[in-house]
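Working notes, structure below.
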Amino acid sequence: MNATTIPLRQPRRSRRVLHLALILCAVGFMGLFLILPLATVFVEALRKGLPMYLDAIAQPGSLSAMRLTLWVAAVAVPLNIVFGIAAAWSMTHFRFPGKALLGALIDLPFSVSPVIAGLIYVLLFGAQGWFGPWLEAHGIRIIFTATALVLATMFITLPFIARELIPLMQAQGSDEEEAARVLGAGGWQMFFRVTLPKIRWALLYGVLLCNARAMGEFGAVSVVSGMIRGLTTTMPLEVEMRYNEYDHVGAFAVASLLAMLGLVTLGAKTFLEWRHRGELAAHAPGSH
Amino acid sequence: MTLEIRGLTRKFAGCNALEEVDLSIAPGEFLALLGPSGSGKTTLLRILAGLDFPDGGEIKANGRDLLSVSARDRKVGLVFQHYALFRHLTVAENVAFGLRVRRWRTRPGRAEISARVETLLERVQLAGLGSRYPAQLSGGQRQRVALARALAVEPDILLLDEPFGALDAKVRVSLRRWLRGLHEELGLTTIFVTHDQEEALELSDRIAVMNRGRMEQVDTPERVYHDAASPFVCEFIGSANRVNLSRGARGFAAAEWMPGPAPWGDEVDRAIAYVRPQHLALDVSSAAGQRGWLAQLRHIYLAGSVAHLELDVPALKQQLEADVASEDLPRLGLRAGMTLHVSPKRAIIFPASGSEPGAETRWVWNGERAAAVVPARGERVVNGIF
Amino acid sequence: MRKRILPGFGLSLGYTMICLGFIVLLPLAALAWKASGVGIMGLLQLLDAPRARAALMLSFGGAFAAALINTVAGFLVAWVLVRYRFPGRRVLDALVDLPFALPTAVAGIALTALYAPNGWLGQPLFDHGIRVAYTRLGVGVAMVFVGFPFVVRTVQPVLAALDREIEEAAESLGARRWQSFLRVILPLMLPAILTGFALALARAVGEYGSVIFIAGNLPMQSEIAPLLIVQKLEEFDYAGASALGAVMLVFAFAILLVLALLQRWSRRWAELPA
């Protein structure tokens with residue numbers, strides 16, 4: 002061996018031990034606090050065997066809860082898509098007074114307790130609320146109906162898509178839209194041919210997160226639902242009802258479906274981050 | 014297309030991006046808007062493209078008001094500084110975009126669109142690359158895609174924003190000769206923004222030099238370089254030595270250098286002369302009776318065909334730069350550390366305080382032979398040749 | 506008004522305002538109106554009731570403790586994910602977001618089953634005399650669970666963007682490893698760490714679904730403020746619910762303000778605008 006060859010630098014032994022210890026700490030913490038609870042869901046759901054599990058899922062209560070959950074998401078998510086795009090468009094391509102305030106308002110639902118989100122709609126539409134008496138006089142019910150579930154869900158999920166699109170559109174700038182205009186494109190032509198393709202992956206990303214939250218929301222909907230089985234119980238509420246009725250397997254069976262939805266969302270989200278990193282917003286602090 | 018710009022003003026948050034800008038552009042002209050960053054050149058370009066609007070003034074295109082026409086209908090081809098190519102569309106789709114978004118009545122058929130795209134791609138030497146995406150092209154190729162996309166809509170006027178700014182030096186030179194050739198072929202009125210004087214001098218028919226939102230000079234490249242109309246143009250275009258003159262008993266002088274009788278009255282008592290490095294005469298002989306300043310040669314910076322000499326002039330308490338051809342160095346016997354005499358051969362002299370009326374002239378001093386007084390900014394004519 | 510270059514300003518801003526107005530502002534106004542209806546003295550009286558005070562103390566105190574734990578653990582996890590390469594790193598990275606993806610009710614019953622005296626973790630802990638489920642400790646565990654991703658996800662990108670040369674520079678100037686960590690890395694990370702802390706705190710204070718199952722919900726003992734709001738609503742005590750809600754809403758606004766200030770603070774090193 003040549004005497005002047007510089008040996009490949011190896012981390013010192015003590016440092017490697019430190020690395021290993023830190024990795025083990027991190028894995029241990031996450032295992033204890035995140036992975037173990039997730040595993041519990043499936044173990045508890047299958048505790049009495051697969052037939053019991055399938056039986057619990059096939060009960061009319063869970064089926065109607067699934068239908069309602071899908072329905073709520075099917076209304077709330079598209080409305081949020083339009084809101085997210087409109088908010089991001091106005092926030093990133095124009096200057097107007099009160100813009101900072103608008104941005105703060107869009108973020109507000111992130112830091113408000115879900116229970117507050119339910120409470121405010123009760124105060125607005127409930128029997129003693131602002132519009133309660135008027136609605137009652139006209140025979141319209143909002144609280145304890147699916148409408149209230151949609152409203153509360155929309156409040157909770159309002160920032161998800163906008164927060165995903167705003168930093169991305171900010172980074173992309175207006176050049177391509179201006180180029181489209183100079184080349185003679187009309188407003189909608191510009192939107193569908195230039196803007197939408199530019200933001201499609203970030204939009205999908207936001208929709209995934211928004212949908213997961215919409216289907217899994219518990220606190221806000223539990224306040225406005227009234228828990229009428231078959232009518233106003235979404236899947237998370239069904240989980241609570243069964244749990245309180247000591248139907249352990251049933252509660253965990255429905256919970257396992259929601260957990261699978263969460264895992265699928267997580268997987269799709271990770272895939273998007275890996276495949277389309279360049280077309281997603283760099284995740285700024287506080288973006289969730 | 015003839016463009017007439019009159020009194021164009023644009024304010025941004027209190028400061029003026031454009032101040033009373035006048036400019037006319039003849040059909041088929043290749044005009045450079047040259048200036049440092051923040052001089053308002055890009056603002057002017059964006060206003061022409063319909064992407065910004067002035068606070069005052071007017072633009073007439075062939076006699077019609079251009080400002081009331083929306084960007085969409087202006088028939089302007091714009092090449093953005095960073096090209097703004099649609100990253101999700103192929104090269105061919107990018108070029109076809111302007112045709113595809115036309116109202117259906119005026120939209121060409123599919124076959125015609127693809128034929129036109131083919132022709133354009135050939136013209137910009139990108140034939141065969143139509144199915145690539147912008148990210149798969151080199152910088153120079155992207156630039157040409159942007160150009161083809163702008164030309165596809167058959168614009169009346171072509172605008173280019175720093176067209177070579179994002180390219181490396183080699184590509185830049187070859188691409189700008191190619192662009193000049195293309196312009197001669199198409200004869201399209203073309204305006205381009207640049208902060209690179211070399212680019213402007215080499216490429217354009219006329220240069221509009223801008224500074225702080227104002228037009229300093231609009232002239233041919235030769236005249237902008239040799240006959241700068243303002244101190245700013247002297248300093249911005251090429252390099253120039255700046256020498257202070259003051260009025261003495263025998264007229265203006267800077268130490269031993271006395272350019273002769275000045276064109277101004279007694280109200281002007283100080284002036285600034287700009288002398289290009291190649292307009293400094295050097296004399297190394299030690300014989301008596303030499304003219305000019307005594308200087309010490311501090312350094313010789315060899316820059317290829319030219320050598321830059323750094324001269325220390327004690328009488329002026331400043332340094333001067335002189336340029337000589339590299340091959341002349343041995344002939345002149347120049348060495349660092351030696352003393353020699355320098356004197357200007359040619360200078361452009363401005364009154365040091367330009368506020369007095371009647372002093373808005375410059376004094377083009379051509380050695381001992383003759384000096385011409387030329388109105389600055391073409392506003393005021395002073396009679397007489399000195 | 507000056508002409509706008511890109512179209513859709515009126516449409517997009519109009520729709521945004523209408524949505525925000527109906528879904529966020531109007532309902533919040535109803536809360537403010539209801540809460541102000543009781544008057545300042547009435548409000549203070551409602552909040553000073555022992556049960557309300559205990560609930561607020563638990564919500565804020567527990568959230569604060571949980572956010573502290575999450576700050577330490579979150580920084581550690583972010584550090585490990587950014588700096589070290591080991592098998593399973595990508596999976597671990599993806600799983601950080603599990604509390605965002607898992608519905609809170611699911612997390613709630615899972616944590617309860619796990620920490621109940623007969624659960625996988627509850628059993629050994631119970632044998633050592635530690636009760637987690639149905640106590641304040643359980644509340645804390647659930648709050649740690651829901652707040653965990655915030656610190657990781659705010660620190661991680663900043664840490665990844667940190668130039669390794671900065672540490673090398675510190676070490677070439679003679680700093681020990683721990684000195685370069687304490688004097689160079691930590692100060693640069695501080696805005697992100699505090700932002701993560703504030704977000705985790707806000708989330709834990711308002712958390713409902715995952716806490717109520719494990720808490721046992723004994724008044725004065727393990728009852729959190731959001732649950733007390735629900736209780737009051739069920740008793741048709743709208744004024745009481747609104748009073749508690751108003752306090753939590755003010756806290757949410759305060760967190761938003763703190764986040765905005767942190768954002769500005771973290772930009773103090775930014776390049777000056779040209």
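Residue numbers (the working numbering), protein chains in the order written: chain A, 2 to 289; chain B, 14 to 399; chain C, 506 to 779. Every residue, glycine too, gets a C-beta built ideally from N, C-alpha and C.
Close Cβ partners of residue i (< 7 angstroms) along its chain, the five nearest in sequence each way excluded
i: alanine 707 of chain C; result: Ala757, Ile760
i: leucine 315 of chain B; result: Ser339
i: tyrosine 206 of chain A; result: Glu165, Lys270, Leu273, Leu281
i: proline 696 of chain C; result: Leu767, Trp770, Ser771
i: leucine 125 of chain A; result: Trp131, Phe132
Cross-chain neighbours of residue i in chain C, by beta carbon under 8 angstroms
i: leucine 47 of chain A; result: Neighbours of leucine 47 of chain A on chain C: none; closest Cβ ~13 angstroms, over 8 angstroms.
i: isoleucine 121 of chain A; result: Pro532, Leu533, Ala535, Leu536, Gly750
Residue i versus residue j: straight-line alpha-carbon distance, rounded
i: alanine 765 of chain C; j: glycine 185 of chain A; result: 40 angstroms
i: aspartate 209 of chain B; j: serine 112 of chain A; result: 51 angstroms
i: glycine 41 of chain B; j: aspartate 232 of chain B; result: 16 angstroms
i: leucine 21 of chain B; j: glutamate 177 of chain A; result: 26 angstroms
i: valine 601 of chain C; j: valine 577 of chain C; result: 15 angstroms
i: glutamine 550 of chain C; j: tyrosine 244 of chain A; result: 36 angstroms
i: valine 222 of chain B; j: glycine 268 of chain A; result: 57 angstroms
i: glycine 346 of chain B; j: alanine 308 of chain B; result: 15 angstroms
i: valine 394 of chain B; j: serine 771 of chain C; result: Note on valine 394 of chain B: pLDDT 33, under 50, position unreliable in the model; no value is reported.
i: glutamine 154 of chain B; j: lysine 183 of chain B; result: 14 angstroms
i: glutamate 269 of chain B; j: isoleucine 361 of chain B; result: 18 angstroms
i: aspartate 336 of chain B; j: isoleucine 671 of chain C; result: 44 angstroms
i: leucine 516 of chain C; j: isoleucine 200 of chain A; result: 19 angstroms
i: threonine 6 of chain A; j: arginine 14 of chain A; result: Here threonine 6 of chain A scores only 44 on pLDDT, less than 50, and its place in the model should not be relied on; the value that follows carries that caveat. Each residue's Cα considered, the two are about 22 angstroms apart.
i: glycine 90 of chain B; j: valine 755 of chain C; result: 54 angstroms
i: asparagine 212 of chain A; j: serine 63 of chain A; result: 19 angstroms
i: valine 195 of chain A; j: proline 512 of chain C; result: 13 angstroms
i: methionine 271 of chain B; j: cysteine 247 of chain B; result: 21 angstroms
i: leucine 732 of chain C; j: tyrosine 713 of chain C; result: 7 angstroms
i: leucine 80 of chain B; j: arginine 19 of chain B; result: 12 angstroms
i: leucine 342 of chain B; j: valine 297 of chain B; result: 12 angstroms
Proximal residues to residue i (C-beta, below 6 angstroms), its chain only, five neighbours per side dropped
i: leucine 173 of chain B; result: Val92, Phe205
i: glycine 371 of chain B; result: Caution is warranted here: a pLDDT of 42 is assigned to glycine 371 of chain B, below 50, making its placement in the model unreliable, and the coordinate value is therefore given only provisionally. Hits under 6 angstroms: none found.
i: phenylalanine 653 of chain C; result: Asn575, Pro604
i: valine 104 of chain B; result: Leu142, Gly143, Arg145, Val158
Beta-carbon neighbours of residue i, restricted to chain B and to distances below 7 angstroms
i: aspartate 176 of chain A; result: Phe93, His95, Ala97
Exposed unless 16 or more other CB atoms sit within 10 angstroms - verdict on residue i
i: alanine 349 of chain B; result: exposed
i: threonine 154 of chain A; result: buried
i: glycine 111 of chain B; result: buried
i: tryptophan 277 of chain B; result: buried
i: asparagine 257 of chain B; result: exposed
i: asparagine 107 of chain B; result: buried
i: lysine 330 of chain B; result: exposed
i: tryptophan 117 of chain B; result: exposed
Partners in chain A for residue i, counting only beta-carbon separations shorter than 9 angstroms
i: phenylalanine 650 of chain C; result: Phe34, Leu35, Pro38
i: valine 114 of chain B; result: Ala181, Leu184, Gly185, Ala186, Gly187, Gln190, Met191, Arg194
Contacts of residue i in chain A (Cβ-Cβ under 8 angstroms)
i: serine 747 of chain C; result: Leu120, Leu124
i: arginine 85 of chain B; result: Arg182, Val183, Gly185, Ala186, Gly187
Same chain, Cβ closer than 8 angstroms to residue i, neighbours up to 5 away in sequence not counted
i: alanine 26 of chain B; result: none
Amino acids of chain A, ordered along the chain, whose beta-carbon sits closer than 7 angstroms to that of residue i
i: valine 108 of chain B; result: What valine 108 of chain B touches in chain A: nothing, since even the nearest Cβ is about 10 angstroms away.
Under 9 angstroms by beta carbon: chain C residues contacting residue i
i: leucine 20 of chain A; result: Looking at the sequence itself, residue 20 of chain A is histidine, so the reference to leucine does not match. Chain C residues near histidine 20 of chain A: Val585, Arg588, Tyr589, Phe591.
i: phenylalanine 84 of chain A; result: Tyr520, Thr521, Cys524, Leu525, Ile528
Given 8 angstroms, three or more beta-carbon pairs between the stretch 701-718 of chain C and the stretch 625-634 of chain C: As far as the Cβ criterion goes, the stretch 701-718 of chain C does not touch the stretch 625-634 of chain C, which means the pair count is below three.
Three or more C-beta pairs below 8 angstroms linking the stretch 605-620 of chain C and the stretch 561-571 of chain C: Flag = no, the stretch 605-620 of chain C and the stretch 561-571 of chain C do not touch.
Touching by the beta-carbon criterion (3+ pairs, under 8 angstroms), the stretch 215-226 of chain A and the stretch 156-164 of chain A: Look at the beta carbons and you see the stretch 215-226 of chain A touching the stretch 156-164 of chain A: at least three pairs across the two are nearer than 8 angstroms.
Cβ contact (3+ pairs, closer than 8 angstroms) linking the stretch 46-64 of chain A and the stretch 252-260 of chain A: Counting Cβ pairs under 8 angstroms, three or more are found: they touch.
contact_flag[the stretch 119-130 of chain B, the stretch 70-89 of chain B] where n(CB pairs < 8 angstroms) is 3 or more: Counting Cβ pairs under 8 angstroms, fewer than three are found: no touch.
Inter-stretch contact (C-beta, 8 angstroms, three-pair minimum) for the stretch 220-232 of chain A and the stretch 132-151 of chain A: These segments touch.
The stretch 137-146 of chain A in contact with the stretch 52-71 of chain A per 3-pair CB rule at 8 angstroms: Counting Cβ pairs under 8 angstroms, fewer than three are found: no touch.
Segment contact flag, the stretch 175-195 of chain B with the stretch 26-36 of chain B, C-beta cutoff 8 angstroms, min 3 pairs: Taking 8 angstroms as the limit for Cβ pairs, the verdict is that the stretch 26-36 of chain B does not touch the stretch 175-195 of chain B.
Stretch-stretch touch, CB-based, cutoff 8 angstroms, three pairs: the stretch 515-535 of chain C with the stretch 726-736 of chain C: With the cut-off at 8 angstroms, the stretch 515-535 of chain C and the stretch 726-736 of chain C do not touch.
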